Every structure is written in structure tokens, then in C-alpha cells.
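Which chain is which? The protein sequence lines are R and Y, in order. Quick note: to get my numbering, add 1 to the position in the first sequence (first position is 1). With my numbering, letter number 405 in the second sequence gets 393, and the count goes up by one each step, no holes. We put the CB at the ideal spot given by N, CA and C, even for glycine. All values derive from a computational prediction rather than experimental measurement.
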Amino acid sequence: MQYSEQELKKGIKLHTIETDKFKTNLIAVFLTTKLTREDVTKNALISTLLRRGSKTMDTQEAISKQMEEMYGASFDCGLDKTGDNQVIKFYVETINDNFLPQQGEELLKTSVEKILEIAFNPYTENGGFKQEYLEQEKNNIRQRIDGKIDNKARFAVDRCIEEMYKDKPFGLFKFGYKEDLEQINAVDLYNYYKQLINSCKIDIFVSGIINGDTKNIIEQNENIKNLQEREPDYVVPKAEAKDTKQENVVTQSMDVTQGKLILGLDVNLADEEQKYTTLIYNSLLGGDANSKMFQNVREKAHLAYVASSSYLRYKNNIFVNCGIEISNYEQALELIRKQIEDMKKGDFTDENLENSKQGVIASIKTIYDEQDTQIMYYFGQELTKAKVTLEQYNEKVEKVTKQGVIDVANKVNINTIYFLRD
Amino acid sequence: MQVIENLKVKEKLYIEKLENGLTVMIIPKSGIQKKYIIWGTNYGSNDSEFVVPGEEQVTKVPNGVAHFLEHKLFEQENGTNSLDTLTALGVNANAYTTNDHTAYLYECTDNFYEALDEFMDYVQHPYFTDENVEKEKGIIGQEIMMYDDYPDWRVYLNAMQAMYHNNPIKIDITGTIETISKIDKEILYKCYNTFYNPANMALVVSGDFKPEEIIEEIKKRLVDKKSSASIKRIYPQEPETIVQEKIEQKLEVSQPLYTIGIKEVKEANAMENKNETVRKCIAMEILLTLLFGRSSELYQELYKEGILFGAPSLDYEFGKNYAHVLITGQSQEPEKLYERFKQQVTKFKQNGINENDFNRIKKTIYGRYVKEYNDVQDIARMFLSDYFKGINSFEYLEEIDGINVEYLNQVLNFVFKEDKMVISIVKN
């Protein structure tokens, strides 16, 4: 595997990952911009509008047929909240030319051209997005916003984040807000879009069996040529100081059979390097089947089937996650508090520590075997401006000490306790 | 060891049936870091009535035993839990139960053989006590309650209720809180001894392995067990009719969820033999994409009308004694969508399949099959679950060439019958 990057223009980067491990080539285009209350809904709308039609593929049907012709290229658009940024993502995955039933079709070239067209050359009418598409996509976004409640576990975590980041960018919902939709019109939104693609950070990833032409094709692409140089407008995620005040306890009622208990924890890190220790801390607290949460809340107390924690490294928060019987709330909460306290006291063995490290390192190694994870890893590096190779990453994890974990544990505070119940 | 090569995806399958009856399949992937192993028994939630080899009377057990066993097998006599031991080795271990098989697995980059010791030990050494069985009821109870809140699980299960009268495919894999309360260690041992015989199991490995080496390592770790005779399974008689066309449940969701089901009549039809199963499955995938995929007329129209906003998932599921279509998604007006779907089927039957559309979607499905060979997990799981259906996964890549429009039209008329369709809806 060989990774290289190249600045096509100021603020626009091409990343190539040459690998022959896969049957597929994966191409991704990421547009990264600051997350703000003002633009969050517009960006969400753009992410769904762009897949409705482009210059030469003016309908969704035309795009779909094109992808189907390319041996079922999977085309997808997504929207992410990454730290204080909103990222609009486009993916095309095609099978590699080596595995086509007949030779001579240049799928890689075609897919690069098609994805760039979809991202940077949308279908327009009368100087704006097509009115019909806009109205339909407003409905689409409305339903996605309403759809928040459908996955109760996900909803509970999102609500906990919202409580922790009230009036801050990270507390925003990535699909935006219904009340914004009405005022958005086709021409203004198109103008906003043009400004966005000329000011946001752009990263293009190509992974697979790449021939020498690939860079050329992208550099010479009309849609790339038309983009301006820019000082990209985005937020570099950093370890920020937390000022945890009193624990905020929030209870919400909904029609659920099982209660969802989420604890939002602040990790008050001194510097970026402590993130590797925090990774191990999280693994010990609730990251795997040997963790305190799994062992004590699930296996010993039988309070839950899901009992885990996850580390959100861009914001230095840990979310403890439990599905419990509603009447067991007090008991479960007390037990979770005890796990957090025990971590502060260093109540874990050297063996636990070693196992957690090996678990994390093993999961890092699998990045080599997963095309999309590989892209996300390099994108994370790009965003944080911290270039760490996978080998270096593993070395840093290897160096984590027990005392280091205890230090991190003592920087962990409960910010919010969120309970979704009946 | 038999070697089967597929030139389209450029992969090889090594397969051997060991003396004790266990089937081992190896799909080497050189240069890949991840190693994946999965060991399955042809025993799932469907199998609750059977005759133990050597016995005469029928054994009937409560629903949910296969899944319960899956949970309990990790427990070791020395008080440790194999899931913890494997996790401590830095491997990613798990298990799951379906309606026709139960599987144990792990994925790792290092410590493969250390993990193999533990893995093959725990699957072959059950340890159940009254106490540890009781304890598990609490955890599984929470799992059952978790699924009760999943609208997508409910809409699926209700569709099954609407299609099937007696077939156990309709029951919840976990059982219910009531049925699991009746499970005890005697039942668990009896089911274990019956279904976890090597002759009823298959093991699949994928990763950077030398087939001759890995098979020896596996043999070394097998306990001495005689291959048992085949197990007689008893499935209730299933009428050809559906139970009810419409079924609805109320749950708090933003937008109704729907599943359209089409029950296929399995008995007494001329289309069934082994090769035919694969051919029919391919034809169904093409047909469903033509009917309701992203480029289909139906999808485009419904999107424009605001009736749906995402392509539905299109599945054709089949086993020894059932087969059905499931079309699942979210829609503001699921009933209208259902009517339109039926109309579209009629239109397709009248006009026949368009040759150009067919060729395009055939390419799509070919690409989909090739993509399955990217990841060791996908590969191993696919070979295991296909094996229990009597299929070698490569057959899909081989058979697709021969599928043509005439055949598709034939399958369309055979499967898509209006009196076999149901709709399940979950809404506020």
C-alpha cells in the first residue's frame, strides 16, 4: 500500500492510496466547511440536491442508469459532523478493471469524471437549482429531521450531545432545522453553493489499482479547473479545555419498552498526545467485552445487554451507553458511577492494560484491509494536520502506561446524564 | 482436499470433509492482514422439533434454544468466559443465530493460533449449570426488549406473521420472555449434543493461510467425536395461502415503515432443483432491481410524488422449506405505495422485461457479486450460509451468464402472485 498526497490548487488536495488488495476502486470527494447555525440546513440540502442531477445526467434516473452500466458502481452521498465541521461526502465504488468480464472498459476514468461532475457541476435551471428538485429535497430533509426519533439508541446519544453543547456548533443536528427550510430558494441556494465550493476544504481520495493517468485525469478535469484557489474555511479539531460544571440530569419520555441511559463525559486533556491514552482508557471503561461496563453492568449485574462506551476523539468526550429496564435506573447509574470512580483509582491490572492496547492495535491494523476506513483514517489525519502513519500510531498506543491512564481517568468528569424512558 | 477455482474473481476454494463429518472450507487471501474464522452448525431458530439420531420419539423444545445456546457456549467450566479470553488476545470475537444456523467467529490480525485454541475449545465444551442458565435469562430478556423497540425488526417480523401460518420462520429468533423462561440445562445439553455434531457443522477460514497448514491445525484441535447420522427435523405443514394481507403495529416513528412480502409456494413446483435455486435467486435479484431499484420507473415516480425518499431494500430470502420476497423502506403513504407496486407488477407481466434494462441490471448484479470478495468477513460468512443451503458461493458468478429475459419472465410469473402478497406497516 502506498499513500501520497498532492495539492492540486491551494485548498484542494488529491490523496491516492495505491493498493492491489481489493476487487474495487473507491473514489471519495469530501467538502469540509465550518458548522454554523446559519448554514447547517443549507449544507444538508445541498448534500441531497446534488445527487438529483448534474450537467449531463440531469435526473436521478440518469445517474442511476449510468452507475448500473458501470457494473453497479455504488454511488452515495453523505453528511457528517466531524468536530466543529460539516462534511459533505460523495463516494463511488466500482469494480476494478481487472475483474470485468471483458477488457477495454475504463471504469476508473469514467467514475472519476462522473463523481466530479456530480459534486461540482449540478443541474441548474434559470440560474438556480431546479425548483422541483429543491421542493422535493426540502421534504426529504424534513423527514430526516423527523426521523431522528426512529433509532432510539442513536437518538439518545444525539440528545445527550445536544444537551452538552447547547448553543455551540457541535450541538447542532447535522441535517439542520425545519424552520430554516421555508426561506431557502433555488437561486440563493445555488449562489451559496458556488461560494461553498470555492471556499471549503476539498479532499479527493482515490484508492485501488491506480494507473499513472489517474492524477492527470483529475488535474485536467474541467470541473476541477473551474474551481478557485482558496484559504479553506474549516475548524482544525484540537484538544480544548473543558469547564465541566454541575452534572446536568435530563430525562425525556417517549414510547419505549427499554430505557436508554447515556452518560456524556468530558475528558479534559492537556495535549493531543493524551488522545492515545484516552483511547485505552475508553477501551478499559467500556470499549470491549473485558471492559468494566461489559463485565460489571452486563455480566455480573445482568442489568443490560448493551453496556459500552465510545470515545469521540474530535471533541474529547466519552459516551457511556446502556439499554436497561426502566425501573433499574438508579441502580444502573450508581454502578456506572462506580466504574468511572474505580478507573480513577487505577482499579485495573497490567494485564487488562496490555490486552486493551493489543485490542486497539489489532483494530488499527485492520485499516489496511478496509478501503473506506483507510480513506477515513487519512482524512482524519488531514483534518487534524497531524500526520501520523499507522505504524507510528501503533507505537504511540504501545507506549501508553498505567499511570498515564490513571491521569486521564482523573480528568474525566460527568457532564450530562441523559435518560430516555417511557 | 478439493480445489475449486473461480477465474472471474481470481479466488480459490479448498474444501474437505473430515473423517468425523466436519466440512472445512478455506479461501486464502494472500497479503491481507485480517484473518477470519467462522464455525457454524446447521441449527437455528427454526429447529425446535426433531428426532435425535438413535431415538424414536420426537423431541420438542421451547422457542429460542438455538440463540440461548449461542450465548451460553462462551461459559467455561473454570469460571472464565471465552469471549473475555478471546478479547484479551486482541481478537474480535462474536457469535450469531439465524433461522437456519448458529455461528461462532473471530477476526484478528495477530494471535490467530492462540485464539484458535480457545475458540475450538469452547465450541466443543459446553458447560451449563442451573445458575448460569438462570443468569442468562436476564441478559437475553434485555436483548428481547431492545428488539421490541426496533421498528425495523417489528415490521419484518409482522410481515412474517402475515405470510406464514405455521412455518417457524415466523417466530422471533430469540424466543420470547415466556418461552426462554422454560429453558433449562437439560434442554440445552440435549440440543447441543444433537446439533453440534461435526457432521452437522462447517468451518470456514479466510485470510493469508496455507490451506494444508491450517487444516492440520484445525484437525489437531478437534475432540474425538463420531459422526452422527442425520437429524430428522420436523416442520409443520404450511398452507400455500397467506394469513392476512395487511398487518399494522403502532410504534413511535417519524414516518411509517413498510415491508411488502411475497410468499413463494415451495412445494410441488417444477422449478426446484439445486442449480435452479441459484439461478432463481439471481433472477430474483435482477427482477427486484428492475421493478423497484433506483433507476426503475416505479421508484422514480414515487420519489417525484413524495411518496418515498429512499430506495427500498430488496431481498429474496430462501431456505429449505420457505422462500419469500421482502421489500422494506419508509414511506408517508405505504398503502398507496403497495397498490402502485402491484400495478407495476401487472404492467411488467403484460409487457415483458425490456432487453436493454435487463442487460444493464445484469451487469449491476455481476458487480455486486464481485464486490463480495473484498473482505475476509464477507467471504467467510457468505460461504458458510450458502453451504447450509447446499450452495457453493462461486455458483452465483458462474450461473449469471446463462440468465436471460425468457427465464426472468418465467420467474416473474411464478413468484409475483397477487394473492401471495402482504404488507406490514409500523406507524404512529
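Under 9 Å from the C-beta of residue i: neighbouring residues of chain Y
i, result
"Gly84(R)", "Ordered by position in chain Y, no residue passes the 9 Å Cβ test against Gly84(R), which lies about 27 Å from the chain."
"Ala410(R)", "Per Cβ cutoff of 9 Å: no residues; Ala410(R) is ~20 Å from chain Y at best."
"Pro102(R)", "Lys(-4), Lys351, Tyr354, Asp389"
Contact set between residue i and chain Y, taken where Cβ atoms lie within less than 7 Å
i, result
"Arg299(R)", "Ile127"
Distance CB(residue i)-CB(residue j) smaller than 7 Å
i, j, result
"Leu396(Y)", "Ala271(Y)", "yes"
"Lys90(R)", "Asn362(Y)", "no"
"Glu273(R)", "Ala302(R)", "no"
"Glu58(Y)", "Thr75(Y)", "no"
"Thr258(R)", "Asp136(Y)", "yes"
"Thr162(Y)", "Thr247(Y)", "no"
"His16(R)", "Tyr394(R)", "no"
"Ile473(Y)", "Glu236(Y)", "Nothing about residue 473(Y) can be reported from this structure: the residues present for chain Y run from -11 to 416 only."
First through last residue of the alpha helix (DSSP H) which encompasses residue i
i, result
"Thr162(Y)", "No alpha helix (DSSP H) holds Thr162(Y); DSSP gives it neither H nor E."
"Phe156(R)", "153 to 165"
"Val113(R)", "108 to 121"
"His59(Y)", "53 to 60"
"Leu266(R)", "No alpha helix (DSSP H) holds Leu266(R); the beta strand (DSSP E) holding it covers 260 to 268."
"Ser48(R)", "41 to 50"
"Asp370(R)", "Neither: Asp370(R) is in no alpha helix (DSSP H) and is coded neither H nor E."
"Leu135(R)", "132 to 147"
"Leu334(R)", "330 to 345"
Where residue i sits in the DSSP three-state scheme
i, result
"His312(Y)", "strand"
"Met71(R)", "coil"
"Arg231(R)", "coil"
"Gln103(R)", "coil"
"Ile411(Y)", "strand"
"Cys201(R)", "coil"
"Asn356(R)", "helix"
"Lys23(Y)", "strand"
"Thr68(Y)", "coil"
"Asn(-6)(Y)", "strand"
"Arg328(Y)", "helix"
"Asn401(Y)", "helix"
"Lys239(R)", "coil"
"Gly129(R)", "strand"
"Asp181(R)", "helix"
"Lys82(R)", "strand"
"Arg38(R)", "coil"
"Cys19(R)", "For the sequence presented, residue 19(R) should be read as Glu rather than Cys. In the structure shown, Glu19(R) sits in a strand (DSSP, three-state: E or B)."
Host beta strand (DSSP E) of residue i (start-end)
i, result
"Val40(Y)", "Looking at the DSSP string, Val40(Y) is not in any beta strand (DSSP E), and its letter there is neither H nor E."
"Tyr419(R)", "413 to 422"
"Ala190(Y)", "189 to 195"
"Ala150(Y)", "Careful: Ala150(Y) lies outside any beta strand (DSSP E), inside the alpha helix (DSSP H) at 139 to 151."
"Gln7(R)", "3 to 10"
"Cys323(R)", "318 to 325"
"Pro16(Y)", "11 to 16"
"Leu372(Y)", "Leu372(Y) -> not in any beta strand (DSSP E); alpha helix (DSSP H) instead, spanning 364 to 375."
"Ala29(R)", "25 to 35"
Contacts of residue i in chain R (Cβ-Cβ under 8 Å)
i, result
"Leu176(Y)", "Correct list: empty, because the minimum Cβ distance to chain R is about 18 Å."
"Arg356(Y)", "Gly73"
Per-residue contacts from residue i into chain R (C-beta, under 7 Å)
i, result
"Arg348(Y)", "Lys66, Glu69, Glu70"
"Ser283(Y)", "Glu62, Ser65, Lys66, Glu69"
"Asn362(Y)", "Phe23, Lys24, Thr25"
Contacts that residue i makes with chain Y (C-beta to C-beta distance below 8 Å)
i, result
"Ile185(R)", "Near Ile185(R) there are no residues of chain Y at all, since even the closest Cβ is about 17 Å away, more than 8 Å."
"Glu331(R)", "Those do not exist, as Glu331(R) stays about 17 Å from chain Y at its closest Cβ, beyond 8 Å."
"Asp370(R)", "Ile20, Gln21, Lys22, Asp363, Val364"
Any chain C beta carbon closer than 7 Å to residue i
i, result
"Asn322(R)", "Absence of chain C from the displayed structure is noted, the protein chains being R and Y."
Partner residues on chain R for residue i, Cβ-Cβ distance less than 9 Å
i, result
"Ser242(Y)", "Gln144, Arg145, Ile146, Asp147, Gly148, Lys149, Ile150, Asp151"
"Thr167(Y)", "None at all; the shortest Cβ gap to chain R is about 17 Å."
Mind checking the stretch 185 to 216 of chain Y against chain R and listing, in chain order, the residues whose C-beta falls within less than 8 Å of any C-beta there?
none
Q: Return the residues of the stretch 338 to 361 of chain R that lie within a Cβ-Cβ distance of less than 7 Å from chain Y, sorted by chain order.
A: Cβ contacts with chain Y: Asn356, Gln359, Gly360.
Using a Cβ-Cβ cut-off of less than 9 Å, list which residues of the stretch 239 to 259 of chain R approach chain Y; keep chain order.
Against chain Y - using a Cβ distance shorter than 9 Å - the residues of the stretch 239 to 259 of chain R are Met255, Asp256, Val257, Thr258, Gln259.
Original post:
Given a limit of 7 Å on CB to CB distance, which residues of the stretch 90 to 123 of chain Y reach chain R?
Top reply: Cys96, Thr97, Asp98, Lys123
Item to check | Contacting positions in the stretch 137 to 148 of chain R - beta carbon closer than 7 Å to chain Y | outcome: Listed in chain order, the positions of the stretch 137 to 148 of chain R with a beta carbon within less than 7 Å of a beta carbon of chain Y are Gln137, Asn140, Asn141, Gln144, Asp147, Gly148.
Give, in chain order, every residue of the stretch 276 to 292 of chain R whose Cβ lies closer than 7 Å to some Cβ of chain Y. Asp289, Ala290, Asn291
Q) When Cβ atoms are compared, which residues of the stretch 285 to 305 of chain Y fall closer than 8 Å to chain R? A) Gln288, Tyr291, Lys292, Gly294, Phe297
**Report entry** chain R contacts from the stretch 316 to 336 of chain Y (Cβ-Cβ distance under 7 Å)
**Finding:** Answer set for the stretch 316 to 336 of chain Y: empty.
Using a Cβ-Cβ cutoff of 7 Å, what residues of the stretch 5 to 17 of chain Y are near chain R? List them in chain order. When CB distances to chain R are screened at a threshold of 7 Å, not a single residue of the stretch 5 to 17 of chain Y falls below it.
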